[in-house]
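Number of protein chains: 2
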Amino acid sequence: MQTVLANDGLLPALGTGFLDQAPVLRPAAEPRLGTRRTYEADAEVFAEGDRSAFYKVVSGAARTYKLLSDGRRQIDAFHLPGDIFGVEAGEEHRFSAEAVTDTKLVVYRRERGALTSDDGSLAREVVSAMMRSLERAQDHMMLLGRKSAKERIASFLLGLSERVAQQGTSLDLPMSRADIADHLGLTVESVSRAVTQLERDGLIELPPNRRAVVLRNAAALRHIAA
Amino acid sequence: MQTVLANDGLLPALGTGFLDQAPVLRPAAEPRLGTRRTYEADAEVFAEGDRSAFYKVVSGAARTYKLLSDGRRQIDAFHLPGDIFGVEAGEEHRFSAEAVTDTKLVVYRRERGALTSDDGSLAREVVSAMMRSLERAQDHMMLLGRKSAKERIASFLLGLSERVAQQGTSLDLPMSRADIADHLGLTVESVSRAVTQLERDGLIELPPNRRAVVLRNAAALRHIAA
DNA sequence: CGTTCTATTGAAGAGTATCAAGCCAAGTGG
DNA sequence: CCACTTGGCTTGATACTCTTCAATAGAACG
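Dropping the structure here:
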């Protein structure tokens, strides 16, 4: 019988320094299980009610979202290379997922032994991913509940830039304005106006096609982000 | 060496039916570790930056929240009897917690062995609590990002009533309008207006002190909640 | 019975949504 | 290589929901 989540490890782990021991971004570690799949832009990865599995982004980006009956959409998160998403408590997904652009994922199906036969690093990664999701969700609730449009955009751009970590260079925006709007609880028009405003104020700079951003004044953005 | 998170259990558990095996509400099972503490209304349980520990509500209610520098507050969740809160990835709490009313909690400090010497049921409860938090957070993001004031109030009341599970009877509101407002991303005035509106429409009924609700027409509320 | 705190109600204003063009980049076919 | 089309982004005008500011009402407590 194989111990799944580190013996002697997890709960202290849940506590102190767990993430340090098992960084989520480990491109080096080739998973023993899981199959690589390619999705083209806007392709469905899974839908609400599908039997759950989880996924790790290799390249591209994915969005997870929920819909109301009248079509209103809330994108709870964008998932970038290295991120794990789709972890669920139950057997079925409670939200849907799609590729934002052409995307490669590793799919881990929940078959018996799929994780137990591993050395546990994937298991740790999964728990770590879950916690990371929770932390992001908490920050995002603050954004959605209490921040203005401008503050939301500033927060979003800063958060994205921290995650891709290419300081100084241009930050790619793989997602459309509609995606950003549905993530930030705004309309496309409000997103556009806030972005334009920040651009006019000289805090950011955008190329003609508007699908990338250079953060000209990250300090000022941080100040705005509140 | 003691296995912390059920051997052979956790990851399939993360997958299928884990929650069924380890229901969070188990008032019967007396925890072997953890100390009971009493807090009076509005007392601080922990603050952002405090060394993390986690807590189980015995009676009363707690709120966890974050603040922006200018004082705007977002209450990410209310915690009712049976709920576990305060689980963190790092060593420090990333948000603050206070008692909503006079409240009794069991405090589990993260000392080495605090969980390992247990039979694992607490560990399972903790992971389960984390997942539950994540699910609630996802639903709450939909509420904050996309629902109207009236929809938010309807969702909130229904959610609360499902959690206390006293169908038909009066639902206690231990928290103030300000708390509700900061949870739902509204102002006290908007909360009050939406509540009054639902009352005028005959969907709910409130006592003179306005600190409880009877759901007169749950079906209609569900329809509004979207 | 007054004080205090919370909740409600009213009026005015701000911020974002909605509706409607217009613009521009990228792709398509001649 | 150049119209033409298409889809996403931006911009403008107006509407509406929620906030803000202000006052009143009501419950709880001494």
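First to last, the sequence lines map onto chains A and B. So the first sequence is residues 1 to 226, counted in my numbering. So the second sequence is residues 227 to 452, counted in my numbering. We put the beta carbon where it would ideally sit given N, CA and C, even for glycine.
Between the Cα of residue i and those of the options, spot the shortest distance and give me the residue it belongs to.
i	options	result
alanine 444/B	Arg403/B, Asp408/B, Ile379/B, Asn435/B	Ile379/B
glutamate 98/A	Arg110/A, Phe85/A, Tyr108/A	Phe85/A
alanine 355/B	Leu173/A, Asp102/A, Asp42/A, Glu88/A	Glu88/A
alanine 229/A	Phe46/A, Ala194/A, Ser121/A	Only positions 1 to 226 of chain A appear in the structure, and residue 229/A is not among them; the question remains open.
arginine 94/A	Asp172/A, Asp83/A, Val57/A, Ala53/A	Ala53/A
glycine 159/A	Arg110/A, Glu48/A, Arg222/A	Arg222/A
serine 96/A	Thr196/A, Ser69/A, Val164/A, Ile75/A	Ile75/A
threonine 422/B	Gly260/B, Lys376/B, Gly316/B, Arg335/B	Lys376/B
glycine 297/B	Ile204/A, Pro174/A, Lys147/A	Lys147/A
tyrosine 334/B	Val417/B, Ile430/B, Val284/B, Glu361/B	Val284/B
threonine 395/B	Ser381/B, Leu424/B, Ile430/B	Ile430/B
leucine 424/B	Asp365/B, Glu388/B, Asp309/B, Ser381/B	Ser381/B
leucine 206/A	Leu122/A, Met131/A, Leu173/A	Leu173/A
alanine 165/A	Gly82/A, Arg51/A, Ala47/A	Gly82/A
glycine 90/A	Asp365/B, Glu361/B, Gly428/B, Arg389/B	Glu361/B
Is it buried or exposed for residue i, if we count other Cβ within 10 angstroms and need 16 for buried?
i	result
arginine 63/A	buried
leucine 441/B	buried
glycine 411/B	buried
glutamine 393/B	exposed
arginine 350/B	buried
alanine 29/A	With a pLDDT of only 46 at alanine 29/A, under the threshold of 50, the placement of this residue in the model should not be trusted; the figure read from the coordinates follows. Flag for alanine 29/A reads exposed.
proline 208/A	exposed
threonine 38/A	exposed
glycine 145/A	buried
isoleucine 450/B	buried
alanine 363/B	buried
glycine 346/B	buried
valine 191/A	buried
valine 45/A	buried
valine 126/A	buried
arginine 336/B	buried
proline 12/A	Low local confidence applies: a pLDDT of 39 at proline 12/A is under 50, so the model's placement there is unreliable, with the coordinate-based value given in what follows. Proline 12/A should be labelled buried.
glutamine 228/B	Note on glutamine 228/B: pLDDT 39, under 50, position unreliable in the model; the coordinate value appears next. By the 10 Å Cβ count, glutamine 228/B comes out exposed.
proline 23/A	With a pLDDT of 37 at proline 23/A, under the threshold of 50, the modelled position of that residue is not reliable, and the figure given next carries that caveat. Flag for proline 23/A reads exposed.
Name, please, each residue of chain B whose Cβ falls closer than 7 Å to the Cβ of residue i.
i	result
phenylalanine 78/A	Chain B residues near phenylalanine 78/A: none, gap ~13 Å exceeds 7 Å.
glutamate 135/A	Ala315, Arg320
lysine 150/A	Within chain B, no residue comes near lysine 150/A; the closest Cβ sits about 14 Å away, beyond 7 Å.
Compare the beta carbon distance of residue i and residue j with 8 Å and say whether it is the shorter of the two.
i	j	result
serine 133/A	alanine 77/A	yes
isoleucine 80/A	arginine 73/A	First, the amino acid is wrong: residue 80/A is leucine here, not isoleucine. It is not a contact, given that the beta carbons lie outside the stated cut-off.
threonine 327/B	alanine 267/B	yes
lysine 104/A	arginine 36/A	yes
glycine 49/A	glutamate 92/A	yes
alanine 446/B	serine 69/A	no
What distance in whole Å lies between the Cβ atoms of residue j and residue i, which are believed to be in contact at a cut-off of 8 Å?
i	j	result
valine 414/B	arginine 403/B	4 Å
alanine 212/A	leucine 171/A	6 Å
alanine 141/A	methionine 367/B	Per the sequence shown, residue 141/A should be read as methionine rather than alanine. Contact flag correct, Cβ pair sits at about 6 Å.
tyrosine 291/B	valine 332/B	Wrong, their Cβ atoms sit about 21 Å apart, outside the cutoff.
Could you name the residues of chain A that residue i contacts, counting a contact when the two beta carbons are closer than 7 Å?
i	result
histidine 366/B	Met141
leucine 370/B	Met141, Leu144, Gly145, Gly185
arginine 298/B	Arg146
methionine 401/B	Near methionine 401/B there are no residues of chain A at all, since even the closest Cβ is about 15 Å away, more than 7 Å.
lysine 282/B	None at all; the shortest Cβ gap to chain A is about 15 Å.
Who are the neighbours of residue i on chain B, taking C-beta pairs under 9 Å?
i	result
serine 69/A	Ala452
lysine 104/A	Ordered by position in chain B, no residue passes the 9 Å Cβ test against lysine 104/A, which lies about 23 Å from the chain.
Mind pulling the chain B residues with CB within less than 8 Å of residue i?
i	result
arginine 255/A	Any answer about residue 255/A is impossible in this case: the structure gives chain A only from 1 up to 226.
arginine 132/A	Ala315
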